[in-house]
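Below: one structure, written as structure tokens.
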Amino acid sequence: MSEVPYNLRISVQFDQISMTLMTTHVYTGDRDSPILKWYENVYTEMLTLLGAKEDTARQDAVDVVDFEVELAKILDPPEQKLNLARNYNNMTVGKMLDRYPQFDWRGLLQRYSSEANILITDDTEVVNMAVNYYDKLFPLIANTSTRTLLNYGMWKIAFTYASQSSSDVRNIKEPLLNALLGITKIPSRWRQCVEEMLVYFPEEMGRLYVESRGFTAGAKQKAEEIIENLRATFKQTLQATDWLTDSTKKAALEKLEYMSEKVGYPEYSMNDTWFDEQFENLNISDGTYLENTVNTVVFSRIQDTELLKKPLDKGRWVLSPASVNAFYSPQFNEMILPASILQAPFFDDMFPDVINYAAIGSVIGHEITHGYDFTGRGFDKYGNLASWWKMEDVEKFTDKAECIVLQYGNFSDPVLPLKVNGHTTLGENLADNRGVRESYRAYRKAIAQRGEEDGKLPALPYTPDQLFFIGYAQTWCGKFEDDYRQLLLLTDMHSPHRFRVNGVVQNNKDFARAFNCPKAAPMNPDKKCTVW
Numbered sequence: 001m002s003e004v005p006y007n008l009r010i011s012v013q014f015d016q017i018s019m020t021l022m023t024t025h026v027y028t029g030d031r032d033s034p035i036l037k038w039y040e041n042v043y044t045e046m047l048t049l050l051g052a053k054e055d056t057a058r059q060d061a062v063d064v065v066d067f068e069v070e071l072a073k074i075l076d077p078p079e080q081k082l083n084l085a086r087n088y089n090n091m092t093v094g095k096m097l098d099r100y101p102q103f104d105w106r107g108l109l110q111r112y113s114s115e116a117n118i119l120i121t122d123d124t125e126v127v128n129m130a131v132n133y134y135d136k137l138f139p140l141i142a143n144t145s146t147r148t149l150l151n152y153g154m155w156k157i158a159f160t161y162a163s164q165s166s167s168d169v170r171n172i173k174e175p176l177l178n179a180l181l182g183i184t185k186i187p188s189r190w191r192q193c194v195e196e197m198l199v200y201f202p203e204e205m206g207r208l209y210v211e212s213r214g215f216t217a218g219a220k221q222k223a224e225e226i227i228e229n230l231r232a233t234f235k236q237t238l239q240a241t242d243w244l245t246d247s248t249k250k251a252a253l254e255k256l257e258y259m260s261e262k263v264g265y266p267e268y269s270m271n272d273t274w275f276d277e278q279f280e281n282l283n284i285s286d287g288t289y290l291e292n293t294v295n296t297v298v299f300s301r302i303q304d305t306e307l308l309k310k311p312l313d314k315g316r317w318v319l320s321p322a323s324v325n326a327f328y329s330p331q332f333n334e335m336i337l338p339a340s341i342l343q344a345p346f347f348d349d350m351f352p353d354v355i356n357y358a359a360i361g362s363v364i365g366h367e368i369t370h371g372y373d374f375t376g377r378g379f380d381k382y383g384n385l386a387s388w389w390k391m392e393d394v395e396k397f398t399d400k401a402e403c404i405v406l407q408y409g410n411f412s413d414p415v416l417p418l419k420v421n422g423h424t425t426l427g428e429n430l431a432d433n434r435g436v437r438e439s440y441r442a443y444r445k446a447i448a449q450r451g452e453e454d455g456k457l458p459a460l461p462y463t464p465d466q467l468f469f470i471g472y473a474q475t476w477c478g479k480f481e482d483d484y485r486q487l488l489l490l491t492d493m494h495s496p497h498r499f500r501v502n503g504v505v506q507n508n509k510d511f512a513r514a515f516n517c518p519k520a521a522p523m524n525p526d527k528k529c530t531v532w
């Protein structure tokens, strides 16, 4: 591999396994729960359909699910996985072999990278993102029968690709997953194909999205203007923060200055030659959907291994322009604002400023804040893993953040007997709170510079300040089935939508002033949680 700073080099990462049923709570409750019994039946039916004897398949199903239950017990908890900097362990293959001699790491990597002609040695560097998990995994494997281990490996493959198989196989798997997700109807094939294309060809699909939906230079210019205004208010806030030591504050300001952004779509994706080259070695035939999916997976893996030979190209996008999302990368110290989120309800260059700042402005502020949360503070202005906060700053930050943990941890679902996990959602809650506050300040600054308030919207009695918070709230309008809402409460790092709104405005003095909320009212509590 090239001798370059590690943040410009692509390395293989080892992490803990993803559970087949997506969330550990399914496995860590009652072993005889209806969902696990259903899961055993899915295993039995699918393997019987593929030729196994029913009695044998049923016993194997029990053994495999028992093994998955034990796997779930050794996974790092979600709140621990959120801290990327703490989990980022650079190791050599030799050190992996020393620590876990039960597995042929060198052989695995050599087979994985054989198409790229990369020689794997004991000095080859990798990243271990789950040290504690692997410490516990191999004793578990040693106490599990070979038959169960082989069946589990085979089952993971069969279950993964069941959705691309025949309707008989698909109809066994999909109802189980749909029950977990609260989906009442199996998605049509064309939707499934589009979703898979977004996974395997994010930039290429982004081009098709931009060409079909359009993305104007004016929209990009307006979005970049909002970004710069947010950057200016963040700078003022950092300068005025009295609990940071001078050295940490200086480094924080430098990180903000170095923070870059990608807006809309990558220009290179519009180059026909580039576009055609991405597919020239992809084998798509007239065969089955499953065959073409496997071909695509192999093709993507070969492309990934080729990247191991090269320095990282920071110009490449890690988020598809067709993805309705935004993203901050601590390793790049950059945020990505794809074309697909730069549309209603988040943005339109014809919207009044108050709505654009309330919606996309809050998203931009949210992403900038991630540069200074529990993960972001572990990476410096260049994206290098570094400890640039003094310990006293870390302690003050943690003390202030605890208020947010307790506030959100007391929010309860209106139907389900569940509360928000204040620890798992902390990073996103911090970003929501600061993002809205900074975007409001940026909006007021833009209005002051313009010298003219936004007018009231036709037939609506609300002031511009009231419209700001209404505009923010409307971006999180949504309705979810109980099953899916339960899954989100147990697994998502974001708070449920209603609390992404109510939690933020409860802490916001500008909201209380805009709506003349009485003191100590539910939406204007005396105690407000602020970190920055």
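Numbering-wise (the UniProt record's numbering), the sequence shown opens with residue 1 and increments by one.
By construction, the Cβ of each residue, glycine as well, lies at the ideal position given by its N, Cα and C atoms.
- Message: Applying the 10 Å Cβ sphere with the 16-neighbour rule, what's the burial state of W105?
- Response: buried
- Query: Looking only at DSSP bridge pairs, what is E261 linked to?
  - Reply: M335
- Item | Residues near D465 in its chain [Cβ-Cβ closer than 6 Å; skip 5 each side] | A514
- Message: For a test of the three-state rule: what should DSSP assign to V210, helix, strand or coil?
- Response: helix
- Taking G376 and L385 to be in contact with their CB atoms under 8 Å, please state how far apart those CB atoms are, rounded to whole angstroms. That pair is no contact at about 12 Å.
- Message: Is the beta carbon of G182 closer than 8 Å to that of D413?
- Response: no
- Do L371 and M205 have their C-beta atoms closer together than 8 Å? A small fix is needed here, since residue 371 is Gly in this sequence, not Leu. Going by C-beta atoms, G371 is not nearer than 8 Å to M205.
- Message: What does the alpha-carbon distance come out to for the pair G422 and Q221?
- Response: 37 Å
- Query: Around the C-beta of residue 603, are 16 or more other C-beta atoms found within 10 angstroms, so that it is buried, or is it exposed?
  - Reply: For residue 603 there is no data in the structure shown, the boundaries of the chain being 1 and 532.
- Nearest to R147 by alpha carbon, out of Q59, S439, N292 and E453? Q59
- Short Cβ contact (8 Å threshold) for Q172 with E45: A quick correction: the sequence has Ile, not Gln, at residue 172. Yes, the Cβ-Cβ distance between I172 and E45 is below 8 Å.
- F299: first and last residue of the uninterrupted alpha helix (DSSP H) it sits in: Y289 to L307
- Query: Between the C-alpha atoms of residue 535 and S495, what's the straight-line distance to the nearest angstrom?
  - Reply: Past the boundaries of the shown model lies residue 535; the chain is included only from 1 to 532, so the question cannot be answered.
- Message: Here's the rule I'm using: 16 or more other beta-carbon atoms within 10 Å means buried, otherwise exposed. How should I404 be labelled?
- Response: buried
- Message: Counting C-beta neighbours from all protein chains within 10 Å, is the total for T184 16 or more, i.e. buried, or is it exposed?
- Response: exposed
- Please report the Cβ distance between K419 and G427, rounded to the nearest whole angstrom; I am assuming they are in contact, meaning their Cβ atoms lie under 8 Å. At roughly 18 Å, the Cβ-Cβ gap does not stay under 8 Å, so K419 and G427 are not in contact.
- Between the Cα of A521 and the Cα atoms of N502, P458, M96 and L198, which residue gives the shortest distance? N502
- For R9, name the three-state secondary structure that DSSP assigns. strand
- Task: Apply the 10 Å Cβ neighbour rule to W190 and answer buried if 16 or more other Cβ atoms are within range, or exposed otherwise.
- Result: exposed
- Note down, in chain order, each residue of its chain lying with its Cβ closer than 6 Å to the Cβ of D393, except the 5 sequence neighbours on either side. L244, T245 and T248
- Message: Based on DSSP bridge pairs, tell me the residues matched to E267.
- Response: Note: E267 sits in no beta bridge, so no partner.
- Closest residue to A358 among N41, R86 and Q474 (Cα-Cα distance): Q474
- Item | the segment 436–450 contacting the segment 324–341, beta-carbon criterion three pairs below 8 Å | no
- Kindly provide the ranges of any alpha helix (DSSP H) runs that are 4 or more residues long and lie completely inside the segment 389–414, ordered along the chain. 391–409
- Item | Distance, E267 Cα to W274 Cα | 11 Å
- I364 versus M493: straight-line alpha-carbon distance, rounded: 18 Å
- Query: What is the residue span of the alpha helix (DSSP H) that F511 lies within?
  - Reply: K509 to A514
- Item | Residue closest to Y330, alpha-carbon to alpha-carbon, out of D353, I120, Y382 and T216 | According to the sequence displayed, residue 330 carries Pro and not Tyr. Measuring from the Cα of P330, the nearest candidate turns out to be Y382.
- Message: Distance check for F511 and P458, CA to CA, integer angstroms please.
- Response: 22 Å
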